[in-house]
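If you read the sequences in order, they're chains R and G.
Quick note: the first sequence uses the numbering used here, first residue 2, plus one each step.
Quick note: the second sequence uses the numbering used here, first residue 2, plus one each step.
Report on one structure; see the data block that follows.
Number of protein chains: 2
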Amino acid sequence: MARNLWGWGEVEAADALDDSRARAEAFFGPLEVEDAAPPRVPAPRLEVPAALQAFSTADAATRAAHAMGKSYVDRVRGFRGDFSSAPDLVAFPRGEADLVAVLEVADAYRLAVIPFGGGSSVVGGVEPRLGPRHRGAVTVDLSRLREVLEVDDVSRVARVQAGVLGPDLERQLGAHGLTLRHFPQSFEYSSLGGWLATRAGGHFATVYTRIDELTQAVRLVTPRGVVETKTVPAHGAGPDANRLVLGSEGALGLITEAWMRVRPRPVFRGNASVHFEDFQRAVDATRAIAQSGLFPANCRLLDAQEAFLNGVAADGTSVLVLGFESADASVGPWLDRAVALAEAHGGTCPRGKTLKDDAGKARGGDAGDSWRASFLRGPYLQDAMIRLGVVADTFETACTWRAFPALYAEVTQVVREALERVCGSGVVTCRFTHVYPDGPAPYFTFLGKARRGGEVEQWIELKRAASDALLRCGGTITHHHAVGRVHRSWYERERPALFGEALKAVKRAWDPSGLLNPGVLLDAEP
Amino acid sequence: MARNLWGWGEVEAADALDDSRARAEAFFGPLEVEDAAPPRVPAPRLEVPAALQAFSTADAATRAAHAMGKSYVDRVRGFRGDFSSAPDLVAFPRGEADLVAVLEVADAYRLAVIPFGGGSSVVGGVEPRLGPRHRGAVTVDLSRLREVLEVDDVSRVARVQAGVLGPDLERQLGAHGLTLRHFPQSFEYSSLGGWLATRAGGHFATVYTRIDELTQAVRLVTPRGVVETKTVPAHGAGPDANRLVLGSEGALGLITEAWMRVRPRPVFRGNASVHFEDFQRAVDATRAIAQSGLFPANCRLLDAQEAFLNGVAADGTSVLVLGFESADASVGPWLDRAVALAEAHGGTCPRGKTLKDDAGKARGGDAGDSWRASFLRGPYLQDAMIRLGVVADTFETACTWRAFPALYAEVTQVVREALERVCGSGVVTCRFTHVYPDGPAPYFTFLGKARRGGEVEQWIELKRAASDALLRCGGTITHHHAVGRVHRSWYERERPALFGEALKAVKRAWDPSGLLNPGVLLDAEP
Numbered sequence: 002m003a004r005n006l007w008g009w010g011e012v013e014a015a016d017a018l019d020d021s022r023a024r025a026e027a028f029f030g031p032l033e034v035e036d037a038a039p040p041r042v043p044a045p046r047l048e049v050p051a052a053l054q055a056f057s058t059a060d061a062a063t064r065a066a067h068a069m070g071k072s073y074v075d076r077v078r079g080f081r082g083d084f085s086s087a088p089d090l091v092a093f094p095r096g097e098a099d100l101v102a103v104l105e106v107a108d109a110y111r112l113a114v115i116p117f118g119g120g121s122s123v124v125g126g127v128e129p130r131l132g133p134r135h136r137g138a139v140t141v142d143l144s145r146l147r148e149v150l151e152v153d154d155v156s157r158v159a160r161v162q163a164g165v166l167g168p169d170l171e172r173q174l175g176a177h178g179l180t181l182r183h184f185p186q187s188f189e190y191s192s193l194g195g196w197l198a199t200r201a202g203g204h205f206a207t208v209y210t211r212i213d214e215l216t217q218a219v220r221l222v223t224p225r226g227v228v229e230t231k232t233v234p235a236h237g238a239g240p241d242a243n244r245l246v247l248g249s250e251g252a253l254g255l256i257t258e259a260w261m262r263v264r265p266r267p268v269f270r271g272n273a274s275v276h277f278e279d280f281q282r283a284v285d286a287t288r289a290i291a292q293s294g295l296f297p298a299n300c301r302l303l304d305a306q307e308a309f310l311n312g313v314a315a316d317g318t319s320v321l322v323l324g325f326e327s328a329d330a331s332v333g334p335w336l337d338r339a340v341a342l343a344e345a346h347g348g349t350c351p352r353g354k355t356l357k358d359d360a361g362k363a364r365g366g367d368a369g370d371s372w373r374a375s376f377l378r379g380p381y382l383q384d385a386m387i388r389l390g391v392v393a394d395t396f397e398t399a400c401t402w403r404a405f406p407a408l409y410a411e412v413t414q415v416v417r418e419a420l421e422r423v424c425g426s427g428v429v430t431c432r433f434t435h436v437y438p439d440g441p442a443p444y445f446t447f448l449g450k451a452r453r454g455g456e457v458e459q460w461i462e463l464k465r466a467a468s469d470a471l472l473r474c475g476g477t478i479t480h481h482h483a484v485g486r487v488h489r490s491w492y493e494r495e496r497p498a499l500f501g502e503a504l505k506a507v508k509r510a511w512d513p514s515g516l517l518n519p520g521v522l523l524d525a526e527p
Numbered sequence: 002m003a004r005n006l007w008g009w010g011e012v013e014a015a016d017a018l019d020d021s022r023a024r025a026e027a028f029f030g031p032l033e034v035e036d037a038a039p040p041r042v043p044a045p046r047l048e049v050p051a052a053l054q055a056f057s058t059a060d061a062a063t064r065a066a067h068a069m070g071k072s073y074v075d076r077v078r079g080f081r082g083d084f085s086s087a088p089d090l091v092a093f094p095r096g097e098a099d100l101v102a103v104l105e106v107a108d109a110y111r112l113a114v115i116p117f118g119g120g121s122s123v124v125g126g127v128e129p130r131l132g133p134r135h136r137g138a139v140t141v142d143l144s145r146l147r148e149v150l151e152v153d154d155v156s157r158v159a160r161v162q163a164g165v166l167g168p169d170l171e172r173q174l175g176a177h178g179l180t181l182r183h184f185p186q187s188f189e190y191s192s193l194g195g196w197l198a199t200r201a202g203g204h205f206a207t208v209y210t211r212i213d214e215l216t217q218a219v220r221l222v223t224p225r226g227v228v229e230t231k232t233v234p235a236h237g238a239g240p241d242a243n244r245l246v247l248g249s250e251g252a253l254g255l256i257t258e259a260w261m262r263v264r265p266r267p268v269f270r271g272n273a274s275v276h277f278e279d280f281q282r283a284v285d286a287t288r289a290i291a292q293s294g295l296f297p298a299n300c301r302l303l304d305a306q307e308a309f310l311n312g313v314a315a316d317g318t319s320v321l322v323l324g325f326e327s328a329d330a331s332v333g334p335w336l337d338r339a340v341a342l343a344e345a346h347g348g349t350c351p352r353g354k355t356l357k358d359d360a361g362k363a364r365g366g367d368a369g370d371s372w373r374a375s376f377l378r379g380p381y382l383q384d385a386m387i388r389l390g391v392v393a394d395t396f397e398t399a400c401t402w403r404a405f406p407a408l409y410a411e412v413t414q415v416v417r418e419a420l421e422r423v424c425g426s427g428v429v430t431c432r433f434t435h436v437y438p439d440g441p442a443p444y445f446t447f448l449g450k451a452r453r454g455g456e457v458e459q460w461i462e463l464k465r466a467a468s469d470a471l472l473r474c475g476g477t478i479t480h481h482h483a484v485g486r487v488h489r490s491w492y493e494r495e496r497p498a499l500f501g502e503a504l505k506a507v508k509r510a511w512d513p514s515g516l517l518n519p520g521v522l523l524d525a526e527p
């Protein structure tokens with residue numbers, strides 16, 4: 002099935018129009034639907050070099066499909082037919098030897114090398130751009146490297162190739178009765194390598210939340226050779242090499258494999274939704290649970306606007322969605338204690354607690370799965386918003402519990418004011434995607450009426466207002482969307498200057514010709 | 002009270018002779034006690050530069066106290082009076098301005114700069130050595146930087162100066178009802194900065210075990226300026242800068258402060274000791290608990306020899322010491338499930354489970370505290386072993402669960418054979434200090450009869466046999482003792498070569514004159 006060139010997912014699955022229309026028209030009144038323009042793809046600047054012909058193409062549709070990621074701006078550009086950022090060729094390496102050939106050719110031809118997994122970047126991380134020394138760009142699509150190569154079910158680790166997409170990975174691990182349980186919202190169209198390169202956040206709200214904690218060892222191909230870290234559960238031998246590769250966003254090398262920590266599928270589950278009249282008390286309850294040592298798998302607090310937008314509550318209450326899961330034993334005592342903590346902060350649990358201890362029951366029917374289906378639908382809804390003429394996007398951060406109340410107040414106010422200024426009106430909502438003992442990861446959604454043809458300028462002003470406010474209030478520019486090019490200027494404000502110099506020094510050591518992903522994470526010119 | 006120049010702790014507390022004698026004579030028969038030789042300290046190679054006089058000294062006793070760490074070899078050298086590695090001067094900076102002055106003077110005078118916290122390194126990490134360009138060495142003792150500067154009890158983080166030793170830190174945090182709960186065996190005489198610089202392992206056997214996970218942000222002074230990371234609970238903005246500072250062992254800069262994750266003292270506890278006839282079944286039980294998601298605070302498996310040596314069991318059984326703790330709620334359900342898992346693997350619990358839910362009860366009396374007191378006694382016993390003529394040391398690693406059985410068999414056999422060859426006879430024991438879902442951190446102890454005056458040569462042969470075996474069997478050279486100089490050759494075998502180049506590139510960027518801790522972690526000549 003063909004991918005939707007400008008939007009999310011398969012062409013056939015992309016129409017979430019009715020659902021988005023209902024949501025958007027509740028705020029903005031009747032909206033008109035626009036259709037996508039035909040794609041305009043520039044001619045390639047070079048022919049496919051002989052050494053790459055066996056596994057590369059300069060076909061226009063393939064190049065267009067690798068022209069950019071899936072941010073709001075990317076989709077608007079694609080919707081309007083603008084695929085001017087398409088690479089000159091796309092390589093589909095069959096193994097590391099092909100990858101090395103790409104790097105050698107790129108060095109000889111002075112090509113920028115753009116690693117590409119599922120292409121779901123929302124920060125400009127996979128869009129080809131040339132550095133000052135480049136004459137063209139080759140995108141390296143890793144989709145042929147998609148095998149689970151080895152499973153150690155005693156240590157519960159699996160060696161996996163980086164190009165595998167989420168559903169394929171889970172299918173392969175499922176054959177061993179195992180799961181990675183990493184479900185970012187991009188799950189269907191993002192790859193293991195992409196998760197590692199961007200330090201993706203996933204399924205679990207607490208403890209082993211980030212892909213970092215699920216990674217035992219990595220293998221990275223750089224222009225100078227291979228970096229392969231040791232397969233041990235932990236070590237104290239100098240700074241952790243994994244942590245330099247994780248988050249390197251394709252600027253230091255191409256991740257080809259990793260040993261990932263896997264686990265059996267959970268069979269015991271417990272869920273509850275706790276409603277709060279007062280948002281600050283809901284935050285306090287969530288903090289108490291985050292600091293309790295109970296480690297819920299799900300601990301997502303939706304503010305009243307977010308609960309309303311998602312159809313979870315229409316009575317002005319904030320809702321804390323709690324979930325525990327285990328492959329080992331009933332989670333009843335954990336759920337009981339977490340709900341008791343929430344109730345002690347004024348929460349009520351109108352629909353009570355649900356406990357599933359029956360290992361034989363089908364997975365399809367439970368609350369976690371229906372939540373996940375709705376969660377994975379988000380990117381499709383954003384496509385429909387573009388067709389409807391609505392500026393719709395999300396941004397996210399993390400801050401301390403002490404900083405959160407002021408950050409929440411200022412960010413929502415600043416973005417609401419910017420929406421009024423730029424779009425006439427709009428709505429801002431917030432939920433926590435992850436919680437830590439020292440603070441939450443708030444995730445904001447905003448909607449405003451688009452000026453047809455002027456969406457990108459509108460978005461830039463909204464994004465700038467939001468991002469400036471995040472940094473002003475002590476938040477990070479990104480908890481799990483990564484830096485790419487979009488977040489570069491704020492990243493450079495929050496990154497210690499000498500750490501920037503350190504990364505550039507590593508870049509010079511591993512990628513001395515500056516081939517890799519120029520302008521992503523670091524300056525194009527090292 | 003004066004510190005013991007060659008051994009552990011205070012002079013008055015250093016005599017653990019009777020206890021060590023009883024343990025050692027059980028293996029080796031009657032032993033004679035030797036006394037320490039008077040210290041021989043070389044004259045300094047330079048006078049204290051004027052810019053440092055207000056906070057530095059070239060006093061011989063102070064220089065001798067900073068001549069080396071507390072490894073077995075260090076203590077033997079000190080016991081024999083050899084303080085030839087003493088620095089030329091010792092600075093006690095009162096703040097970062099003094100630190101900057103030290104770095105400036107060191108650059109001008111071509112001095113090696115040796116950061117010194119508690120001085121408990123067992124890998125040669127605090128011993129002054131000169132690089133090829135150095136004319137002398139200044140040790141920077143951070144003990145005056147020992148304040149808890151700020152406490153955020155909402156986010157449960159505290160800003161702490163790096164020079165504070167364990168007990169002082171806990172006393173200061175205790176005034177706020179908080180604790181870091183990081184208790185390495187060196188707790189009494191190691192500093193926060195040392196824990197951070199070496200990625201120390203501490204109290205918790207699972208989840209947030211390593212100081213890495215307890216660190217929110219760090220502040221590092223380098224010759225090129227300050228690196229200060231952002232105070233957020235997590236971020237996805239590029240590789241994590243904290244993780245480059247953690248484990249840098251004084252080679253990249255001097256850690257002066259950190260925001261540490263703290264918590265209330267636990268009031269609910271549960272403990273049990275589970276005995277196993279068969280060691281492999283005990284390992285399987287421990288693995289089941291490590292993979293269960295129960296996250297015990299203590300999960301230490303002692304093999305039969307270790308249990309015997311520590312007086313825990315004399316009947317040839319292996320013992321799994323389990324402990325749960327919480328400041329929030331009773332840990333009964335957790336302990337019940339963990340013990341049930343252990344029993345399902347053939348364990349028995351002859352003394353039953355202990356559950357303390359009484360918040361009012363004195364902390365002093367519980368099993369955790371008596372275990373801790375005995376644990377903290379270890380370094381004193383090692384002093385006594387030296388006086389008794391016993392080679393006594395420990396080494397540690399981490400490996401996957403799948404690798405462990407062969408690693409355990411080979412390492413114990415190789416070290417036992419080496420003890421027979423080098424010492425005539427000896428004993429090797431093993432326990433797990435930490436456990437992860439993908440593998441344990443085994444910790445080995447060995448004892449052999451010393452050849453008076455030849456201990457260092459004996460130790461070198463034993464260490465080499467053990468370390469080679471660890472790497473051959475898939476283990477790391479260190480889970481929490483760090484690299485220093487002692488582990489350098491094995492570290493370079495396990496470290497990806499290009500990661501070594503990356504670290505050297507960072508060293509050149511942050512410490513271009515190569516002032517800092519030459520030869521520790523990295524080559525002296527960058």
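Don't be surprised by glycine CBs; every beta carbon is placed ideally from N, CA and C.
Residue i lies in the beta strand (DSSP E); which residues open and close that run?
i	result
G:P203	The sequence as given places Gly at residue 203 of chain G; Pro does not occur at that position. Here G:G203 belongs to no beta strand (DSSP E), and DSSP marks it neither H nor E.
R:S426	Segment: none, R:S426 is in no beta strand (DSSP E) and carries neither H nor E.
G:F29	Counting along the chain, G:F29 falls outside any beta strand (DSSP E), though it belongs to the alpha helix (DSSP H) covering 18 to 29.
Residue i touches chain R at which residues, Cβ-Cβ below 7 Å?
i	result
G:L522	G239
G:A558	As displayed, chain G neither begins before 2 nor continues past 527, which places residue 558 of chain G out of reach and without an answer.
Quick one: list the residues of chain R neighbouring residue i, beta-carbon separation under 8 Å, in chain order.
i	result
G:S274	Near G:S274 there are no residues of chain R at all, since even the closest Cβ is about 21 Å away, more than 8 Å.
G:G119	Per Cβ cutoff of 8 Å: no residues; G:G119 is ~17 Å from chain R at best.
G:A410	The premise fails here: G:A410 is roughly 16 Å from chain R at the closest Cβ pair, so nothing lies under 8 Å.
G:A399	V233, P234, A235, H236
Using CA coordinates, which residue listed in the options is at the minimum distance from residue i?
i	options	result
R:A410	R:F376, R:D439, R:A467, R:V457	R:A467
R:T395	R:K71, R:L516, R:N518	R:K71
G:Q186	G:P513, G:E456, G:A503, G:Y381	G:Y381
R:V165	R:T257, R:Q217, R:R134, R:L215	R:T257
R:L112	R:V340, R:P224, R:R264	R:P224
G:L463	G:L472, G:G178, G:V423	G:V423
G:G178	G:W196, G:R157, G:F325, G:G195	G:R157
R:V123	R:S85, R:L104, R:V74, R:P351	R:V74
Against residue i, what residues of chain G qualify as contacts under a CB-to-CB distance less than 7 Å, listed in chain order?
i	result
R:P593	Because chain R spans 2 through 527 in this model, residue 593 of chain R falls outside it and cannot be assessed.
R:T479	H236, G237, A238
So which residues of chain G does residue i contact, with C-beta pairs closer than 9 Å?
i	result
R:R225	L499, E502
Let's see if you can read the secondary structure: which residues bound the alpha helix (DSSP H) around residue i?
i	result
R:G271	Segment 269 to 277 is the beta strand (DSSP E) holding R:G271; no alpha helix (DSSP H) there.
G:F445	Here G:F445 belongs to no alpha helix (DSSP H); instead the beta strand (DSSP E) covers 440 to 450.
Run down chain G in chain order and give the residues with a C-beta less than 8 Å from the C-beta of residue i.
i	result
R:D439	S156, R157, V158, Q217, P234, R262
R:Y492	A238, G239
Item to complete: Compile a chain-ordered list of the residues in the stretch 241 to 253 of chain R whose CB is closer than 8 Å to at least one CB of chain G.
Response: Listed in sequence order: D241, A242, R244, L245, V246, L247, G248, S249, E250.
Discussion item. Just to confirm the assignment: which complete alpha helix (DSSP H) runs, minimum length 4, are found wholly within the stretch 388 to 415 of chain R?
Written reply: Fully contained in the stretch 388 to 415 of chain R is no alpha helix (DSSP H) run of length 4 or more.
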